[in-house]
Amino acid sequence: MACLFCAIVAGETDAARVLEDDDFVGFLDIRPVFKGHVLLVPRQHVVTLPDLPAGLRDGFLAQAQRLATAMVEGLGAQGSFVATNNTVSQSVPHLHLHVVPRTKGDGLRGFFWPRTKYADDAEMTSYADRVRAALA
1 MACLFCAIVA
11 GETDAARVLE
21 DDDFVGFLDI
31 RPVFKGHVLL
41 VPRQHVVTLP
51 DLPAGLRDGF
61 LAQAQRLATA
71 MVEGLGAQGS
81 FVATNNTVSQ
91 SVPHLHLHVV
101 PRTKGDGLRG
111 FFWPRTKYAD
121 DAEMTSYADR
131 VRAALA
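In case it helps, UniProt numbering puts the sequence shown at residues 1 to 136.
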């Protein structure tokens, strides 16, 4: 199956583009949380954030910053919501960062994540150790 976002990047599929450079394209989400909701994608087909090549990381964040600023300056939003999914809840298997304009009282209630508790401090320490080891 062809990648929808690669088709947008290639110009084969129409999209309301708001940002383009050598490495990234930003375009309006066709099913926005709020009007002005932008998706930022690398031109290179990359599935998840962990797959993003090191040489693209700084540029990806720099463009995300520009888009977050544009939500305020260009749309009159008070701020923005910036998020990405990796595999789970990722509707298109091509890395994309959501930049959504936000205004206090806009009705977005955030996520309803299930909460859990560690059995004790030892279990918490065990999880911290495992994450730390994976980062080493």
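Backbone N, C-alpha and C define an ideal beta-carbon position, used for all residues, glycine too. Remember, it's a predicted structure, so these values are computed and weren't measured experimentally.
From the options, residue whose alpha carbon lies closest to that of residue i
| i | options | result |
| --- | --- | --- |
| Phe24 | Asp106, Phe5 and Ala119 | Phe5 |
| Val38 | Thr125, Asp121, Pro101 and Arg109 | Pro101 |
| Pro93 | Leu108, Ala133, Ser126 and Val41 | Val41 |
| Val72 | Lys35, Ser91 and Gln44 | Lys35 |
| Gly110 | Val131, Ser80, Ala133 and Lys117 | Ser80 |
| Asn33 | Gln78, Asp106 and Asp22 | Checking the sequence, you will find Val at residue 33 rather than Asn. Of Gln78, Asp106 and Asp22, the residue nearest in Cα terms is Asp106. |
| Ser91 | Ala10, Asp29 and Asp22 | Asp29 |
Same chain, Cβ closer than 6 Å to residue i, neighbours up to 5 away in sequence not counted
| i | result |
| --- | --- |
| Val46 | Leu52 and Leu95 |
| Ala15 | Ile8 and Phe27 |
Identified DSSP bridge partners for residue i
| i | result |
| --- | --- |
| Arg17 | Phe27 |
| Val99 | Val38 and Val82 |
Coarse secondary structure for residue i, derived from DSSP in three states
| i | result |
| --- | --- |
| Val92 | coil |
| Arg130 | helix |
| Ala122 | helix |
| Asp22 | coil |
| Asp51 | helix |
Run of the alpha helix (DSSP H) containing residue i, from where it starts to where it stops
| i | result |
| --- | --- |
| residue 148 | No information on residue 148 is available, as it lies outside the stretch 1 to 136 that the chain covers here. |
| Arg57 | Ala54 to Leu75 |
| Ala10 | Leu4 to Ala10 |
Contacting residues, own chain, Cβ-Cβ under 8 Å from residue i (five flanking each side not counted)
| i | result |
| --- | --- |
| Thr13 | Leu4 and Ala7 |
| Arg66 | Leu19 |
| Ala64 | Leu40, Val82, Leu97 and Val99 |
| Gln78 | Val72, Arg102, Thr103 and Lys104 |
Residues near residue i by beta carbon distance below 7 Å, same chain, minus five either side
| i | result |
| --- | --- |
| Arg49 | The identity of residue 49 in the sequence shown is Leu, whereas the question assumes Arg. Taken in chain order, the residues that qualify are Thr84, Asn86 and Leu95. |
Cβ of residue i within 7 Å of any chain B Cβ
| i | result |
| --- | --- |
| Ala83 | The question asks about chain B, but that chain is absent: this structure has only one protein chain. |
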